[in-house]
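Visitor:
Residue numbers (the numbering used here): 1 to 464.
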């Protein structure tokens, strides 16, 4: 028999000490209250079935499976009255676990005993039939590793989708906590996303935009966190944050409360500003490119750069022959390519003909100065930032994140009220956008003005 108080105390101690596992294996400690709330999503009858098999493919030190054990001990008391027999039946016949980290697996062995069904190794290589004589499970659950670290600094690829793809069709029920980036972005996740959006057995997705609410001890996870509940006995639309909706309506998942706004804007779109977005390879100049110079020379031109990587310079100089293409004669609106967790356009400004930038910025090209002023005003409106933010699931802004922003005639200065009328938004839809963007876009405007002032100061300093 397991002592509940002692086991939870052990888990708390081990989780607080487990920093290596978090870095090496992509482990994320799931708080007990999150585990309990997640398990509450399952129907009552599933806990009364003594023939049910439960599998956690990335068990860690047991944060998820331990509460499952104690729930089964309570719920099966009528089915198997003898507590000792019930304990052994649950451990020997119902609970299965896999863990790549031998240290973690040994902790689980210490908790559940030497006869526990624990596979130590790479779950992706696990043959469940050879190991346990099981082709499928009743419930596959847990909080799988989110990403693995590649050899290059900052280079990561997601892992959680591999666990989902591996077991989603080998179980009756799947209950996972994962990052939500797969909704619309993520390295190598496009095929996975298409597959998930086409399924009709996703009973529920509970999405939380602010991951620190779920995981307070970890840095914010871009795109948020979600609980995904797949049920092979279910066929229908998904309950997304308690709204029933078709998650396959768009090429990404859009929260139901935003869909009417998206639909109204898309009705007005013949072309997208993504069509005039040059992306971050506009000039072929990298962030720390050795072709950049602090000093102007004949035949060189201004190249806007990231201050952080260029000694606090806002722009440097690059020779014409070093650029990717030779015609940069159009007016431009430039905006930072990476704007962190914020779902709006970052620092934005007008750049003249012949000016370029490195890969820290993306560029929208227009023909005249008047059009560039109009375009900049357009990018500063709340509804346009909303439409970009809907598709921004990472820190990066690209032509794809701008895909749902209509390309309109840039012949006047745009205002929020003009666009609300143009897109026929009602009071409720306007209130949603105002609540999301009123305060943050004021801060953005202040930052843009400050940046413009620093451009002028550097220009005057360079040419004094």
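In this text, a Cβ means the ideal position worked out from N, Cα and C, and glycines have one as well.
Run the CB neighbour count on residue 236, radius 10 Å, all protein chains shown included, and call it buried at 16 or more, exposed below.
Guide: Exposed, because fewer than 16 other Cβ atoms sit within 10 Å of the Cβ of residue 236.
Visitor: Quick check on residue 181: buried or exposed, where buried means 16 or more other Cβ atoms within 10 Å of its Cβ?
Guide: Flag for residue 181 reads buried.
Visitor: Using the C-alpha atoms, what's the distance from residue 143 back to residue 53?
Guide: Straight-line Cα distance between these residues: approximately 18 Å.
Visitor: In the DSSP assignment, find the unbroken alpha helix (DSSP H) run with residue 138 in it and report its ends.
Guide: No alpha helix (DSSP H) contains residue 138, which is instead part of the beta strand (DSSP E) from 137-142.
Visitor: Counting along the chain, where does the beta strand (DSSP E) carrying residue 95 start and finish?
Guide: 95-99 is the span of the beta strand (DSSP E), which, as asked, contains residue 95.
Visitor: Give every residue of the same chain whose Cβ lies closer than 7 Å to the Cβ of residue 117, excluding the five residues on either side of it in the sequence, and list them in chain order.
Guide: Hits under 7 Å: 95, 96, 97 and 132.
Visitor: Rounded to a whole number of angstroms, what is the C-alpha to C-alpha distance between residue 445 and residue 346?
Guide: Their Cα atoms are separated by approximately 10 Å.
Visitor: Span of the beta strand (DSSP E) holding residue 226?
Guide: That run of the beta strand (DSSP E) goes 225-231.
Visitor: What does the Cβ neighbour count give for residue 145, buried or exposed, with the cut at 16 atoms within 10 Å?
Guide: Burial call: buried.
Visitor: Exposed or buried, which one is residue 427 when buried takes at least 16 other CB atoms within 10 Å?
Guide: Exposed.
Visitor: May I have a chain-ordered list of the alpha helix (DSSP H) segments no shorter than 4 residues that lie completely inside the region 340-405?
Guide: Correct list: 369-379 and 382-389.
Visitor: What first and last residue would you give for the alpha helix (DSSP H) that runs through residue 267?
Guide: Start and end: 256-267.
Visitor: Could you pull out every residue in the same chain whose Cβ sits closer than 8 Å to the Cβ of residue 28, ignoring the five residues on either side in sequence?
Guide: Closer than 8 Å at the Cβ level, and outside the excluded window around residue 28, lie 22, 143, 145, 146, 215 and 218.
Visitor: Which first and last residues belong to the beta strand (DSSP E) in which residue 204 is found?
Guide: Residues 202-208.
Visitor: Rounding to the nearest angstrom, what Cα-Cα distance links residue 151 and residue 211 in this structure?
Guide: Confidence at residue 151 is low in this model, with a pLDDT of 47, below 50, so its placement is unreliable and no value can be given for it.
Visitor: Please report the straight-line C-alpha distance between residue 276 and residue 403, rounded to a whole angstrom.
Guide: Taking the straight line from one Cα to the other gives about 10 Å.
Visitor: From which residue to which residue does the beta strand (DSSP E) around residue 317 run?
Guide: Element bounds for residue 317: 315-319.
Visitor: Sort out for me which residues DSSP pairs residue 477 with in a bridge.
Guide: Since the first residue shown for the chain is 1 and the last is 464, residue 477 is missing from the structure and cannot be characterised.
Visitor: If contacts are defined as beta-carbon pairs under 8 Å, then residue 227 and residue 177 qualify, I think. What distance do you get, rounded to the angstrom?
Guide: About 5 Å; that satisfies the 8 Å criterion.
Visitor: Given residue 413, which residues of its chain have a CB within under 8 Å of its CB, disregarding the five upstream and five downstream residues?
Guide: Excluding sequence neighbours, residue 413 sits near 373, 374 and 377.
Visitor: According to DSSP, is residue 176 helix, strand or coil?
Guide: In the structure shown, residue 176 sits in a strand (DSSP, three-state: E or B).
Visitor: Would you kindly check if the distance between the Cβ of residue 344 and the Cβ of residue 389 is under 7 Å?
Guide: It is a contact, given that the beta carbons lie within the stated cut-off.
Visitor: Would you check if the distance between the CB atom of residue 359 and the CB atom of residue 297 is smaller than 7 Å?
Guide: No.
Visitor: Relative to the C-alpha of residue 225, which candidate in 241, 64, 418 and 93 has its C-alpha closest?
Guide: Closest by alpha carbon: 241.
Visitor: State the DSSP-derived secondary structure class of residue 64, mapped to helix, strand or coil.
Guide: Correct three-state label for residue 64: coil.
Visitor: Could you tell me which residues DSSP pairs with residue 338 in its beta bridges?
Guide: Answer is 396.
Visitor: Tell me, to the nearest whole angstrom, how far the beta carbon of residue 333 is from that of residue 408; I am working on the premise that it is less than 8 Å.
Guide: No, residue 333 and residue 408 are not in contact; Cβ-Cβ is about 14 Å, not under 8 Å.
Visitor: Measure the beta-carbon distance from residue 304 to residue 315 and round it to whole angstroms, keeping in mind my assumption that it falls under 8 Å.
Guide: Right, the Cβ-Cβ distance comes to about 5 Å (below 8 Å), so this counts as a contact.
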